[in-house]
Structures are given as structure tokens and as C-alpha cells.
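Under the numbering used here, think of the first position of the sequence shown as 12, with each following residue one higher.
For reference, the structure discussed in these notes is given below.
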Amino acid sequence: MSRDTSIPAAGGDGAWALELKALRKNFGKTEIIRGVDLAVRAGERIAVIGPNGAGKSTLFNLISGRLA
């Protein structure tokens, strides 16, 4: 089973439901998230996995606007 995992260039087709470029978050001098790039097409499902304290909730709070 083969799957196309290439990501098309962002542009005029409006296919991106979410696009993050070089996302960063600091709490004081502590860098929590550094240089996150993510592009998700409409209808696509992704998973963010990692150990406790890795920044998963912070990432989703940034995406949702709960954190600035």
C-alpha cells in the first residue's frame, strides 16, 4: 500500500485548513515551542504525540487562540 505524503505548495487553491510557520512560544526566558511548521489539508486528520510536558497542550492552546 502506497500513500502520497507530499505536501502541495500553499497557494491559491485554498486547500489548507491550518497552516503554521515557525511557531514559537516562550514563558519568560524558557522557550517552550520552537520553530513548529505544520500544514493540514481540509478533511485531513493528524495526531500530535509525545511525553508529558512536551508541549502538546501548549501547541493546541496556541492554535485555538487560548494562548498568544
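Backbone N, C-alpha and C fix where the C-beta goes; we use that ideal spot for every residue, glycine too.
Since we're looking at a predicted model, the values are computed, not measured.
Within its chain, find whatever has a CB closer than 6 Å to the CB of residue i; leave out the 5 residues flanking it on each side and keep chain order.
i: residue 49; result: 31
Check the DSSP bridge columns for residue i and list the partner residues they point to.
i: residue 42; result: 37
i: residue 52; result: 27
i: residue 59; result: Residue 59 is not bridged to any residue.
Give me the residue from the options with the minimum Cα distance to residue i.
i: residue 51; options: 78, 79, 74; result: 74
i: residue 42; options: 60, 76, 65; result: 65
Can you list, in chain order, the residues of its chain whose CB lies under 7 Å from that of residue i, leaving out five sequence neighbours each side?
i: residue 53; result: 26, 28
i: residue 80; result: The requested residue 80 does not occur in the structure, where the chain is confined to residues 12 to 79.
i: residue 57; result: 51
Assuming residue i and residue j are in contact, meaning their beta carbons sit under 8 Å apart, how far apart are those beta carbons, in whole angstroms?
i: residue 36; j: residue 69; result: 6 Å
i: residue 67; j: residue 61; result: 6 Å
For residue i, which residues of its own chain have a beta-carbon under 8 Å away from its beta-carbon, when the five flanking residues on both sides are left out?
i: residue 78; result: 36, 69, 72
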